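S.K.: Numbering (this note's numbering), first residue to last: 81 to 265.
Ideal Cβ placement from N, Cα and C applies to all residues, glycine included.
As the structure is a prediction and not an experimental result, all values here were calculated from the model.
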Ligand code: SF4
């Protein structure tokens, strides 16, 4: 775990900690919020509902893992209207996420990466016309799996809110398979 945390910090994240995968609760109401399509990605990506599978299928996938890593980008904003600061934080988070994903997949080829926002690995997602172009680079947002980010942080001793004037972006990597599950994809 120390090695993974060190890699996360080297990749550019501001905080990282262990994730006990048994603490992950999948909430139908979180998943249903995707259906409102406020982000515009519902039904437009393999990483988002309905392309990422039913909630039961997501739950079965989560149950394959025992241990993982929670990572965070923590940005200080000038004020609540600091759009540039928010975009810069999101870019930094995405860059760190891509880098760490590639590194962790070497040690844990069957890992599941759950990011912040819809998959952006391709300029245009192949959904629904063709299979995912790059499953090894693809990632679903935690919310698409019905995960309340704050719940997972609290259950694993990570701060979710870092104070007034900050923006925290959280993602996670499910790394070690549960007992009896093959470590291969
Ligand atoms: S890797 Fe490409 S095709 Fe696959 S989900 Fe991501 S954007 Fe879509």
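Does the stretch 228 to 242 come within contact of the stretch 101 to 108, defined as at least 3 CB pairs closer than 8 Å?
M.R.: Enough Cβ pairs lie closer than 8 Å, so yes.
S.K.: On the criterion of 16 or more Cβ atoms from any shown chain inside 10 Å, does residue 167 qualify as buried, or is it exposed?
M.R.: Walking along the chain shown from the start, residue 167 turns up at place 87. That one is exposed.
S.K.: Can you check whether the CB of residue 224 is closer than 7 Å to the CB of residue 128?
M.R.: Reading the chain shown from its first residue, position 48 is the one you call residue 128. Reading the chain shown from its first residue, position 144 is the one you call residue 224. Their beta carbons are under 7 Å apart, which means residue 128 touches residue 224 by this criterion.
S.K.: Confirm, please, whether the CB-CB distance from residue 97 to residue 150 is below 7 Å.
M.R.: Stepping through the chain shown from its first residue, residue 150 is reached at position 70. Stepping through the chain shown from its first residue, residue 97 is reached at position 17. In this structure, residue 97 lies closer than 7 Å to residue 150 by Cβ.
S.K.: Would you give the residue range spanned by the alpha helix (DSSP H) that residue 108 belongs to?
M.R.: Taking the first residue of the chain shown as 1, we reach residue 108 at position 28. Start and end: 108 to 114.
S.K.: Kindly indicate which residue of 216, 238, 247 and 252 has the alpha-carbon position closest to the one of residue 126.
M.R.: The residue you call residue 126 lines up with position 46 of the chain shown. It is 216.
S.K.: Under 7 Å Cβ to Cβ from residue 169, same chain only, skipping five residues before and after it: list those, please.
M.R.: Residue numbering aside, residue 169 sits at position 89 when the chain shown is read from its first letter. 153, 155, 247 and 249.
S.K.: Excluding the 5 residues preceding and the 5 following residue 180 in the sequence, name in chain order all residues of the same chain whose CB lies nearer than 6 Å to its CB.
M.R.: If you number the chain shown from 1, residue 180 lands on position 100. Answer for residue 180: 88 and 91, listed in chain order.
S.K.: How far does the beta strand (DSSP E) with residue 150 in it reach, from first residue to last?
M.R.: Along the chain shown, read from residue 1 onward, the residue named residue 150 stands at position 70. It spans 145 to 156 - the beta strand (DSSP E) in which residue 150 sits, taken as one unbroken run.
S.K.: Tell me the DSSP bridge mates of residue 216?
M.R.: In the chain shown, the residue the question calls residue 216 occupies position 136. Answer is none; residue 216 lacks a bridge partner.
S.K.: Counting C-beta neighbours from all protein chains within 10 Å, is the total for residue 262 16 or more, i.e. buried, or is it exposed?
M.R.: Numbered from 1 along the chain shown, position 182 holds the residue referred to as residue 262. Counting Cβ neighbours within 10 Å, residue 262 comes out exposed, since fewer than 16 surround it.
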